[in-house]
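Presented below is the structure to which this report refers.
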Amino acid sequence: MTTPNFDAPCTSDLSLQFSISTVCELLDKDRERIPTNEQIKAFLEKIPSHASICKKTGQLSLSIQEIKNALADSTCPEWYRERLSSPAAILTIMKLFGSPHFRVQSEDFCLIAVTIHNCLIERWKLIAFAKDNCTMIRSIDFSQYITQWIREKTNFTEDELEYATCLYEHKFSFFIDPMLLKVYPVKDILSSGFYQEMTNALNTDDIDNWFSRKNFDYVLATYKQLDLDCNGLISASELMTFSEFNPEFIGRVFAQTNVYDANGEMDFGGFCDFILAFQHADTMAAWRYFFNIFDSDGDGFISLSDVRALVCSLIDRLQAMNRADIFTMPDVDDLLTYEFWDVIGCANKEKISFRDICNSTMGTTFFRVLTDVDQFLKYDERETQPQDDPAGPIEDRCYP
Numbered sequence: 161m162t163t164p165n166f167d168a169p170c171t172s173d174l175s176l177q178f179s180i181s182t183v184c185e186l187l188d189k190d191r192e193r194i195p196t197n198e199q200i201k202a203f204l205e206k207i208p209s210h211a212s213i214c215k216k217t218g219q220l221s222l223s224i225q226e227i228k229n230a231l232a233d234s235t236c237p238e239w240y241r242e243r244l245s246s247p248a249a250i251l252t253i254m255k256l257f258g259s260p261h262f263r264v265q266s267e268d269f270c271l272i273a274v275t276i277h278n279c280l281i282e283r284w285k286l287i288a289f290a291k292d293n294c295t296m297i298r299s300i301d302f303s304q305y306i307t308q309w310i311r312e313k314t315n316f317t318e319d320e321l322e323y324a325t326c327l328y329e330h331k332f333s334f335f336i337d338p339m340l341l342k343v344y345p346v347k348d349i350l351s352s353g354f355y356q357e358m359t360n361a362l363n364t365d366d367i368d369n370w371f372s373r374k375n376f377d378y379v380l381a382t383y384k385q386l387d388l389d390c391n392g393l394i395s396a397s398e399l400m401t402f403s404e405f406n407p408e409f410i411g412r413v414f415a416q417t418n419v420y421d422a423n424g425e426m427d428f429g430g431f432c433d434f435i436l437a438f439q440h441a442d443t444m445a446a447w448r449y450f451f452n453i454f455d456s457d458g459d460g461f462i463s464l465s466d467v468r469a470l471v472c473s474l475i476d477r478l479q480a481m482n483r484a485d486i487f488t489m490p491d492v493d494d495l496l497t498y499e500f501w502d503v504i505g506c507a508n509k510e511k512i513s514f515r516d517i518c519n520s521t522m523g524t525t526f527f528r529v530l531t532d533v534d535q536f537l538k539y540d541e542r543e544t545q546p547q548d549d550p551a552g553p554i555e556d557r558c559y560p
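Here's what the structure looks like:
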């Protein structure tokens with residue numbers, strides 16, 4: 161049997177993480193009597209003695225009754241053994257790893273047991289910061305949890321700590337709290353996969369890992385480079401130097417979001433959200449981010465005038481760059497406005513809902529093309545440059 165890894169709180173399998181967080185809710189009874197690592201290790205060492213060879217597969221595996229027998233033979237707290245052997249917990253385990261013969265391989269069960277144990281510990285740590293609520297945690301409390309986690313496990317300096325906490329938390333909040341409620345379900349935190357990514361960053365310097373030191377250094381250095389007046393914030397004109405963005409879009413970014421100071425400038429958290437939106441442009445969280453920005457009056461719809469304003473701004477930007485020769489025909493703004501409107505394919509010819517975006521296969525392209533000048537040109541040239549995604553990967557433009 162492999163040695164249990166008590167430093168890996170979750171797995172990379174999202175369905176497994178979600179199910180394990182569900183099991184942890186069943187086990188949420190007595191924080192003071194959590195099984196120790198030694199108890200879990202002793203329990204796992206006894207698994208082979210309770211397992212048997214499956215006649216169908218020829219592998220060492222456990223039946224439902226054998227799992228219950230192994231739990232009964234362990235030194236884990238009684239409440240823990242009862243909850244983990246409950247029908248709900250067993251059904252979850254069998255649904256994920258069980259064979260049609262209602263057996264689970266011994267190695268798989270050991271993985272589940274360790275993962276549940278580690279996830280349970282982390283759940284209780286989160287709940288400790290969540291005050292009296294066992295299912296939800298406020299963003300301010302989650303920030304304190306993240307700060308403590310960073311202090312305990314990383315080598316960030318105290319000067320970097322505030323930035324690191326902000327970068328870490330915004331990866332969670334961007335996807336878990338797209339409506340900006342400032343309250344996160346504990347279950348969503350544990351089952352999101354980001355906690356595993358955060359833990360993996362302790363052993364990797366891969367810039368593709370949002371929580372890695374290399375990515376942190378890149379994002380912070382870019383932020384400070386854009387801060388031309390060195391006031392600790394980014395203005396709209398400063399952000400425009402990052403890429404060939406649509407000026408109307410950038411103006412709306414600063415008008416429609418609520419993460420900026422009284423002078424209307426962007427803080428580091430807002431910059432993290434901005435980066436995440438482009439880096440994950442094909443996700444529903446990014447669509448929600450862009451949708452809220454495109455919806456200029458906040459009525460829950462993108463209107464025809466919203467799209468026309470974005471198109472006109474793109475054309476003006478191209479003219480200023482001497483790249484607008486192909487957009488000089490009469491009424492070109494109206495023609496392009498209706499073309500982009502048709503990209504979404506909604507029946508309503510006056511407004512687009514977020515559901516229309518979700519139901520469309522072109523939501524990502526719609527947002528990409530209207531936010532960035534180069535993506536706009538690529539889309540217009542799509543007939544001479546065929547590709548699967550006419551907008552191309554915007555990550556190459558905004559997140560090198």
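Using the numbering used here, you'd call the opening residue of the sequence shown number 161 and step up by one each time.
Backbone N, C-alpha and C define an ideal beta-carbon position, used for all residues, glycine too.
Express the C-alpha separation of residue j and residue i in angstroms, rounding to a whole number.
| i | j | result |
| --- | --- | --- |
| C326 | T359 | 17 Å |
| E398 | D387 | 7 Å |
| E198 | D365 | 32 Å |
| G430 | K509 | 33 Å |
| D233 | Q265 | 19 Å |
| C318 | D348 | Checking the sequence shown, residue 318 turns out to be Glu, not Cys. Computed Cα separation, rounded: 29 Å. |
| S513 | Q385 | 37 Å |
| I462 | L537 | 22 Å |
| M522 | L341 | 28 Å |
| I250 | F405 | 52 Å |
| H330 | T382 | 17 Å |
| Q439 | R448 | 14 Å |
| F376 | N315 | 12 Å |
| L204 | C270 | 6 Å |
| S372 | A507 | 44 Å |
| Y378 | F402 | 13 Å |
| I336 | F434 | 16 Å |
| D532 | G424 | 22 Å |
| R283 | L380 | 30 Å |
| D389 | M400 | 14 Å |
| D427 | A230 | 53 Å |
Alpha helix (DSSP H) containing residue i: first to last residue?
| i | result |
| --- | --- |
| I276 | S266 to F289 |
| L204 | N197 to E205 |
| H330 | E318 to I336 |
| L478 | L464 to A480 |
| C518 | F514 to N519 |
| L362 | No alpha helix (DSSP H) holds L362; DSSP gives it neither H nor E. |
| T524 | G523 to T531 |
First and last residue of the beta strand (DSSP E) that includes residue i?
| i | result |
| --- | --- |
| S223 | L220 to S223 |
| P407 | Looking at the DSSP string, P407 is not in any beta strand (DSSP E); the run it does join, the alpha helix (DSSP H), is P407 to Q416. |
| I297 | M296 to R298 |
| P345 | V343 to P345 |
Once the 5 residues before and after residue i are set aside, which same chain residues still bring their CB inside 7 Å of it?
| i | result |
| --- | --- |
| A396 | I410, G411 and F414 |
| A211 | L220, S221, L222, E226 and S266 |
Only counting the same chain, and skipping five residues up and downstream in sequence, which positions put a Cβ closer than 6 Å to that of residue i?
| i | result |
| --- | --- |
| K228 | S245 |
| T524 | A441 and D442 |
| D540 | none |
| P208 | none |
| P560 | With a pLDDT of only 30 at P560, under 50, the local geometry of the prediction cannot be trusted, and no value is derived from it. |
Check whether the Cβ of residue i lies closer than 7 Å to any heavy atom of the ligand HEM, and answer yes or no.
| i | result |
| --- | --- |
| V533 | With respect to the ligand HEM, the structure shown offers nothing to examine, as it has no ligands at all. |
Might you give, ordered along the chain, the residues of its own chain that have their beta carbon closer than 8 Å to the beta carbon of residue i, omitting 5 neighbours on each side?
| i | result |
| --- | --- |
| F286 | What sits at residue 286 in the sequence shown is Leu, not Phe. These residues qualify, in order along the chain: I297, F302, Y305, V346, I349 and L350. |
| F262 | S223, I224 and M254 |
| Q416 | N452, I453, D455, S456 and G458 |
| M161 | Bear in mind that the predicted position of M161 carries a pLDDT of just 48, short of 50, making it unreliable; the figure below should be weighed with that in mind. Within the same chain, M161 has close Cβ partners L204, E205, I207, P208, S266, E267 and C270. |
Under 8 Å between C-beta atoms, does residue i make it to chain D?
| i | result |
| --- | --- |
| T295 | Protein chain content of the structure displayed is limited to a single chain, and chain D is not contained in it. |
Sufficient close CB pairs (3 or more, under 8 Å) joining the segment 401-415 to the segment 296-303: no
Given 8 Å, three or more beta-carbon pairs between the segment 493-500 and the segment 456-470: yes
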